[in-house]
Amino acid sequence: MSKQQQPGLPTFAAMTPGAGLKAAIGRNRADIIGEISASGIKGRGGAGFPVGVKWNLCAAARGDLKYVVCNADEGEPGTFKDRLILMEHPDLVFEGMTIGGLTVGAREGIVYLRAEYMYLRRPLEAVLAKRREAKLLGQDILGKSGFTFDIRIQMGAGAYVCGEETALIESLEGHRGEPRNRPPFPVDTGYLDRPTVVNNVETLAWVACILQKGAPWFKSVGTEKSTGLKIFSVSGDCDRPGVYEFPLGITVAKLLDTVGGQDAKAVQVGGASGYCVPKSEFHRVIAYEDVSTGGAIIVFGRDRDMLDIAANFLDFFTEESCGQCTPCRDGNPRLLEGVELLREGRCSMRYLNELCGLGETMQLASKCGLGQSSPNAFLSIVKHFKDEIMGRVPAGH
Ligand SMILES: Cc1cc2nc3c(=O)[nH]c(=O)nc-3n(C[C@H](O)[C@H](O)[C@H](O)COP(=O)(O)O)c2cc1C
Ligand code: SF4
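Below, the structure is given as structure tokens:
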């Protein structure tokens, strides 16, 4: 087993807190964005948007007040890597935010912390206080005249949809957490209608590492389109669940080998909203250009009933849909009902086809990523586990 395949966060542990910010402080905005873009880093929260492009857009946006928001909502079922990063390496996350402030011209950073992570608030506040004492936050940071930036923590209220960046911003503003229409995008019209960068916890930690170690170091692993290392939350039917660091581009089979999941019949890559990869496709690579993920890997052993899995995820989405748009609000309960009919042996072939059509419509017509991705697991299970599903369709229907 190579060093990078041990459970835990070995690369973050090897970093020197403060070094990334010290390296950034002497450079101009264009130079920092150039370094980040050269690293090829894409957002680690799921959507995989290039960080250099996002920061450049926000830096170019007009406005005296701008914000850097750290998305620590981490509500995707099967994801728990950001919690570990915040527990063990908060300095790197705060440093990434501070570098963001320097780069886009923001004076305030906000950590939107998942309600269930309330117990992390006090230790995180203590780290922020130490950073203020060390002049890594506050006025004239590290002696750089005019560079003022501070960070505050705001708690979420327990809704999965508030991880979606525009719903998160609504929630930060004290409104009901409902996604906004896009465009305009947050880099232009975000928190309090000001230009705002929203990035995942892990993304921000990697930015601090890139400034410390350089773009060539970061892109020395991964694939051409998916550079660098990625942190994964691994759970389910495997011998060694936990948080792992792997290079992007790793095959599903190699990952399973490392975590002791060789007996798996399927792996859900990307959490409840991701894709269910069957054993016949374990050669596929985990990367933005193939099977993409914000980091959740759920392993399913050979005794699992795939319909139970589909029902479990659809139940979650039915509960968490914000209800703003019809495809998601009505589509998720219809899919869940359909899975129940299949379980009871009462779903005809024709109705199953209609359910698949409904899922595809939801992917296209839902307003935000929740409804666009909620049918993924159902559709991939129907596609890849035909024998198991067709065995539940009554003969002659
Ligand atoms: C329903 C839903 C939930 C999301 N939850 C999270 C989350 O908990 N954490 C996160 O970083 N991104 C989440 N995202 C993605 C964010 O909208 C956004 O793309 C991300 O925070 C941007 O950061 P990144 O570019 O660094 O990945 C979610 C998206 C959707 C549609
Ligand atoms: S897709 Fe779902 S969560 Fe997103 S806006 Fe529509 S109803 Fe709300």
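Counting in my numbering, the sequence shown runs from 4 upward without gaps.
We put the beta carbon where it would ideally sit given N, CA and C, even for glycine.
Model, not experiment: these values are computed from the prediction.
Around the C-beta of H387, are 16 or more other C-beta atoms found within 10 angstroms, so that it is buried, or is it exposed? Position 384 of the sequence shown holds residue 387. With 16 or more Cβ atoms within 10 Å of its Cβ, H387 is classed as buried.
Since G239 and I301 are thought to touch, with beta carbons under 8 angstroms apart, how far apart are those beta carbons, to the nearest angstrom? For the purposes of this step, residue 239 is taken as residue 236 along the sequence shown, with counting starting at 1. For the purposes of this step, residue 301 is taken as residue 298 along the sequence shown, with counting starting at 1. Their Cβ separation, rounded to whole angstroms, is 4 angstroms, which keeps G239 and I301 in contact under 8 angstroms.
Using a Cβ-based criterion (distance less than 7 angstroms to any ligand heavy atom), does A50 qualify as near ligand 1? Position 47 of the sequence shown holds residue 50. True, at least one ligand heavy atom lies under 7 angstroms from that Cβ.
Assign A132 to buried or exposed, taking buried as 16 or more other Cβ atoms, counted over all protein chains shown, within 10 Å of its Cβ. Counted from its first residue, the sequence shown places residue 132 at position 129. With fewer than 16 other Cβ atoms within 10 Å, it is exposed.
Please state whether the Cβ-Cβ distance between G112 and I154 is less than 8 angstroms. Locating residue 112 in the sequence shown gives position 109, counting from the first residue. Locating residue 154 in the sequence shown gives position 151, counting from the first residue. Contact flag set, yes.
Contact set for E98: own chain, Cβ-Cβ below 6 angstroms, skip 5 residues either direction: Looking up residue 98 in the sequence shown gives position 95. G23, L24 and A211.
Report yes if the C-beta of P397 is less than 7 angstroms from at least one heavy atom of ligand 2; otherwise report no. Here residue 397 refers to the residue found at position 394 of the sequence shown. Because no heavy atom of ligand 2 lies under 7 angstroms away, the Cβ of P397 does not count as near it: no.
Can the beta-carbon of C359 be found closer than 8 angstroms to that of V396? Sequence index remark: in the sequence shown, residue 359 carries index 356 (1-based). Sequence index remark: in the sequence shown, residue 396 carries index 393 (1-based). Taking 8 angstroms as the Cβ cut-off, C359 and V396 do not qualify as a contacting pair.
With DSSP collapsed to three states, give me the class of Q215. Taking the sequence shown and counting its residues from 1, one reaches residue 215 at position 212. Helix.
Return the chain-ordered list of same chain residues with a C-beta closer than 6 angstroms to the C-beta of R47, the five sequence neighbours on each side being excluded. Taking the sequence shown and counting its residues from 1, one reaches residue 47 at position 44. Excluding residues within five positions, the ones whose Cβ falls inside 6 angstroms are N203, E205 and T206.
Assuming E38 and I213 are in contact, meaning their beta carbons sit under 8 angstroms apart, how far apart are those beta carbons, in whole angstroms? For the purposes of this step, residue 38 is identified with residue 35 of the sequence shown, where counting begins at 1. For the purposes of this step, residue 213 is identified with residue 210 of the sequence shown, where counting begins at 1. With a Cβ gap of about 6 angstroms, E38 and I213 count as contacting.
What distance in whole Å lies between the Cβ atoms of I44 and W209, which are believed to be in contact at a cut-off of 8 angstroms? Looking up residue 209 in the sequence shown gives position 206. Looking up residue 44 in the sequence shown gives position 41. With a Cβ gap of about 6 angstroms, W209 and I44 count as contacting.
Around the C-beta of D76, are 16 or more other C-beta atoms found within 10 angstroms, so that it is buried, or is it exposed? Here residue 76 refers to the residue found at position 73 when the sequence shown is read from its first residue. The residue in question, D76, is buried, as its Cβ has 16 or more Cβ neighbours within 10 Å.
Please work out which residues of its chain come closer than 7 angstroms, Cβ to Cβ, to K233, disregarding the five sequence neighbours upstream and downstream, and give them in chain order. One-based indexing of the sequence shown puts residue 233 at position 230. So the qualifying residues of the chain are R47, F249, L251 and G298.
Environment of ligand 2 in chain order, Cβ to heavy atom below 6 angstroms: V164, P182, S324, C325, G326, Q327, C328, C331, R332, S369, K370, C371, L373 and G374
Closest to E340 by C-alpha separation, out of V200, R307 and F381, would be which residue? Along the sequence shown, read from residue 1 onward, the residue named residue 340 stands at position 337. Measuring from the Cα of E340, the nearest candidate turns out to be F381.
When T106, G334 and R30 are compared against V54, the one with the closest alpha-carbon: If you number the sequence shown from 1, residue 54 lands on position 51. The option with the nearest alpha carbon to V54 is T106.
Compare the C-alpha of D94 against each of P186, A137, G11 and E168 and name the closest. As a first step, residue 94 must be located in the sequence shown, where it is residue number 91. It is A137 whose Cα lies nearest to the Cα of D94.
Can you list the beta strand (DSSP E) stretches of 3 or more residues lying completely in the segment 245-275, in chain order? 245-250 and 267-272
Are the beta-carbon atoms of P378 and L345 separated by less than 8 angstroms? By one-based count along the sequence shown, residue 378 stands at place 375. By one-based count along the sequence shown, residue 345 stands at place 342. Not a contact, by the Cβ cut-off of 8 angstroms.
If you compare alpha carbons, which of L175, C165, G159 and R110 is closest to F409? Residue 409 lies beyond the residue range present for the chain, which begins at 4 and ends at 400; the question has no answer from this structure.
Helix, strand or coil: which one does DSSP assign to D67? As a first step, residue 67 must be located in the sequence shown, where it is residue number 64. If DSSP states are grouped into helix, strand and coil, D67 belongs with coil.
Between which two residues does the alpha helix (DSSP H) holding P437 run? Residue numbering for the chain in the displayed model covers 4 to 400; residue 437 lies beyond these limits and cannot be assessed.
Burial state of P182, where buried means 16 or more other Cβ atoms lie within 10 Å: Your numbering for residue 182 matches position 179 in the sequence shown. Burial call: buried.
For L60 and D390, what's the separation of their Cα atoms in angstroms? Numbered from 1 along the sequence shown, position 57 holds the residue referred to as residue 60. Numbered from 1 along the sequence shown, position 387 holds the residue referred to as residue 390. In a straight line, the C-alpha of L60 is about 48 angstroms away from that of D390.
Touching by the beta-carbon criterion (3+ pairs, under 8 angstroms), the segment 184-198 and the segment 65-85: yes
For K268 and S376, I'd like the C-alpha separation in whole angstroms. Indexing the sequence shown from 1 puts residue 268 at position 265. Indexing the sequence shown from 1 puts residue 376 at position 373. Each residue's alpha carbon lies about 22 angstroms from the other.
Apart from the five residues just before and just after Q215, which ones in its own chain have a Cβ nearer than 8 angstroms to its Cβ? Here residue 215 is taken as the residue at index 212 of the sequence shown, counted from 1. Contacts found: M18, T19, A22, G23 and A26.
Spatial distance of M393 from L116 (CA atoms): Taking the sequence shown and counting its residues from 1, one reaches residue 393 at position 390. Taking the sequence shown and counting its residues from 1, one reaches residue 116 at position 113. Cα to Cα, the separation comes out at about 43 angstroms.
Is I154 helix, strand or coil by DSSP? Looking up residue 154 in the sequence shown gives position 151. If DSSP states are grouped into helix, strand and coil, I154 belongs with the strands.
Using C-beta distances below 8 angstroms, list every residue in its chain close to V342, excluding the 5 sequence neighbours before and after it, in chain order. Your numbering for residue 342 matches position 339 in the sequence shown. Correct list, in chain order: L310, A313, A314, L317 and F381.
With a threshold of 7 angstroms (Cβ to nearest heavy atom), would D76 be considered close to ligand 1? For the purposes of this step, residue 76 is taken as the residue at position 73 of the sequence shown. Because some heavy atom of ligand 1 lies under 7 angstroms away, the Cβ of D76 counts as near it: yes.
Flag this pair as touching only if the segment 158-172 and the segment 361-374 have three or more C-beta atom pairs under 8 angstroms; answer yes or no. yes
Cβ shell of A16 (< 8 angstroms), same chain only, five flanking positions each side left out: Within the sequence shown, numbered from 1, the residue matching residue 16 stands at position 13. Same-chain partners within the cutoff: E91 and H92.
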